[in-house]
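Engineer:
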Amino acid sequence: MFQVSTPQSSEDWQAYYSLRWQVLRAPWNEPRGSEQDDLEQDSEHRFIKNNDHEVLGVARLHFNNHQQAQVRYMAVAENARNQHIGSRLLHELEKLAWTQNANELVLFARERALTFYKRHGYEIKEKAHLAYNDIQHWKMIKQKPSEPGWFRHPAWTQTLQNIWRESIPISDAMGIKIESYTDWQFTTTADLNANLNPHNTMFAGSIYSLASLTGWGAAYLALKEAGLAGNIVLANANINYLQPLLNEPRARVDLNTCKGKLEELTHIGKATYLVPVIIYDGEHIVAEFEGLFVIKQA
């Protein structure tokens, strides 16, 4: 999995600025140095490298004032497109902004990037500048969501959390909350103290409930992404308990591991969706769950 990090060495910084120039300036014959501005020292910088230490994507965050932060210089190498590089960088910058008490994020998007930013909750506010007499930019704004990790379609995530609280009261008693929803994964957490067994570890039934509810949530969000709606029921499930859960209950669905043909809901009124869920204690895997969900037209 790609890791977002901060440039540290001189080699890191050279590669960081080189990619920024190559993607955002060189195609318009702008000189080296034009990829930087006066705010570099007062900004947060993030990049992603592969195993060969090649920089795949870069991005920057700075504060315009106490309430508003701005994303700038988002760039992804051409050979690294369609791997969620930009999404991972944007997610990291958003978490930085929200945890530092920003109320909104602003950016100026090129026309070809509008769909990308809209998908992540940004709204077009107005037509902005025309760069190099060629590239139209648009001012876009995103308001702070209820939780820092609610990155993709935060309104959907809020609705899902409300459904759990109102329709499945035990989820609230267990302290199950949505931690994050991104292009690549869906994660939840639970309150350990509300789910302890006599051995002071998480009750096996609570682990199962966390896994099944997380899988159900992933199916719900997949339906939303497909523009569909239906009644979701867990039809079959398997779980392997690998070790006791002692500290921090977390559940994760890697979205590319889910399998199903949701379009069958439209064609035949029914679809199945297989969702693998990994249960963690902090960063350590403690259980593996696989749920088969049946979805029927509402």
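In the numbering used here, the protein residues as written are 1471 to 1768.
No residue lacks a Cβ here, since even glycine has one placed at the ideal position from N, Cα and C.
1. Would DSSP call Ala1598 helix, strand or coil?
2. Going by alpha carbons, who is nearest to Glu1562 out of Gln1506, Ala1529, Ser1641, His1623?
3. Run through DSSP, which three-state label would Gln1511 get?
4. I'd like the list of long-range same chain contacts for Leu1600, defined as Cβ closer than 6 Å, with 5 residues on each side in sequence excluded.
5. In three-state terms, what does DSSP make of Leu1666?
6. If I follow the unbroken beta strand (DSSP E) through Lys1565, where does it start and stop?
7. Is Thr1659 near Pro1719, with beta carbons less than 8 Å apart?
8. Among Ser1682, Leu1584, Ala1598, which residue has its Cα nearest to the Cα of Glu1544?
9. Thinking just about the alpha-carbon of each residue, which of Ser1650, Ala1664, Trp1626 is nearest to the one in Met1644?
10. Any heavy atom of the ligand NAD inside 7 Å of the beta-carbon of Gln1713?
11. Can you name the residues that DSSP bridges to His1754?
12. Note down, in chain order, each residue of its chain lying with its Cβ closer than 7 Å to the Cβ of Lys1766, except the 5 sequence neighbours on either side.
13. At the level of alpha carbons, what is the spacing between Pro1639 and Ala1768?
14. Which residues mark the beginning and the end of the beta strand (DSSP E) in which Asp1724 is found?
15. Can you tell me the Cβ-Cβ gap for Leu1489 and Val1541, rounded? I've got them flagged as a contact below 8 Å.
16. Count the other CB atoms within 10 Å of the CB of His1669; is the residue buried (16 or more) or exposed (fewer)?
17. Output the distance between the C-alpha atoms of Glu1500 and Thr1684, rounded to the nearest integer angstrom.
18. If you follow the alpha helix (DSSP H) that Lys1731 is part of, which residue opens it and which one closes it?
19. Ordered along the chain, which non-local residues of its own chain (more than five positions away) have a Cβ less than 6 Å from that of Asp1724?
20. By a C-beta neighbour count over all protein chains shown, 10 Å radius and 16 as the cutoff for buried, is Thr1627 buried or exposed?
21. Determine the burial state of Val1703: buried for a count of at least 16 other Cβ atoms within 10 Å of its Cβ, exposed for fewer.
22. Should Ala1539 go down as buried or exposed, given a rule of 16 or more other Cβ atoms within 10 Å for buried?
23. Under 8 Å Cβ to Cβ from His1754, same chain only, skipping five residues before and after it: list those, please.
24. Can you tell me which of Arg1502, Leu1494, Glu1505, Lys1519 puts its alpha carbon nearest to the alpha carbon of Pro1477?
25. Can you round the beta-carbon distance between Ala1705 and Val1764 to whole angstroms, since I take them to be within the 8 Å contact cut?
26. Over the uninterrupted beta strand (DSSP E) stretch that includes Tyr1486, give me the two end residues.
27. Restricting to Cα atoms, I'd like to know which of Leu1698, Gly1730, Phe1533 is closest to Ser1513.
28. Residues in the same chain with beta-carbon distance under 8 Å from Val1642, minus the five sequence neighbours each way, listed in chain order, please.
Structural biologist: Let me spell this out:
1. Three-state result, Ala1598: strand.
2. If we check each option's Cα against that of Glu1562, Ala1529 comes out closest.
3. The answer is helix: DSSP assigns Gln1511 an H, G or I state.
4. Same-chain partners within the cutoff: Gln1606.
5. In this structure, Leu1666 counts as strand in the three-state DSSP scheme.
6. No beta strand (DSSP E) contains Lys1565, which is instead part of the alpha helix (DSSP H) from 1555 to 1569.
7. Yes. Within cutoff.
8. With the sequence shown as reference, residue 1544 is identified as Met, and Glu is not the correct amino acid for it. Check the Cα spacing between Met1544 and each of Ser1682, Leu1584, Ala1598: the tightest is with Leu1584.
9. In this structure, Ala1664 is the residue among Ser1650, Ala1664, Trp1626 with its C-alpha nearest to the C-alpha of Met1644.
10. Only the bare structure without any ligand can be found here, which leaves the ligand NAD out of the picture.
11. Under DSSP, His1754 takes part in a beta bridge, and its partners are Asp1751.
12. Gly1700, Asn1701, Gly1739, Lys1740.
13. Pro1639 and Ala1768: Cα-Cα distance of roughly 22 Å.
14. 1719 to 1724 is the extent of the beta strand (DSSP E) around Asp1724.
15. About 16 Å separates the two Cβ atoms, so there is no contact after all.
16. Around the beta carbon of His1669, a 10 Å sphere encloses fewer than 16 other beta carbons of the protein chains shown; the residue is thus reported as exposed.
17. Between Glu1500 and Thr1684, the C-alpha separation is close to 48 Å.
18. Here Lys1731 belongs to no alpha helix (DSSP H), and DSSP marks it neither H nor E.
19. Only Gln1655 meet the Cβ criterion.
20. So Thr1627 ends up on the buried side.
21. Its Cβ having fewer than 16 others within 10 Å, Val1703 is exposed.
22. With 16 or more other Cβ atoms from the protein chains shown falling within 10 Å of its own Cβ, Ala1539 counts as buried.
23. Here His1754 has Gln1713 as same chain residues with Cβ atoms under 8 Å from its own Cβ, once five neighbours each way along the sequence are excluded.
24. Taking the Cα of Pro1477 as reference, the smallest distance to any Cα among Arg1502, Leu1494, Glu1505, Lys1519 is reached at Lys1519.
25. The Cβ separation is near 4 Å, so the contact holds.
26. It is not in any beta strand (DSSP E) - Tyr1486 instead sits in the alpha helix (DSSP H) that spans 1480 to 1494.
27. If you compare the alpha carbons of Leu1698, Gly1730, Phe1533 with that of Ser1513, the shortest gap goes to Phe1533.
28. First, the amino acid is wrong: residue 1642 is Asp here, not Val. The residues are Trp1634, Arg1635.
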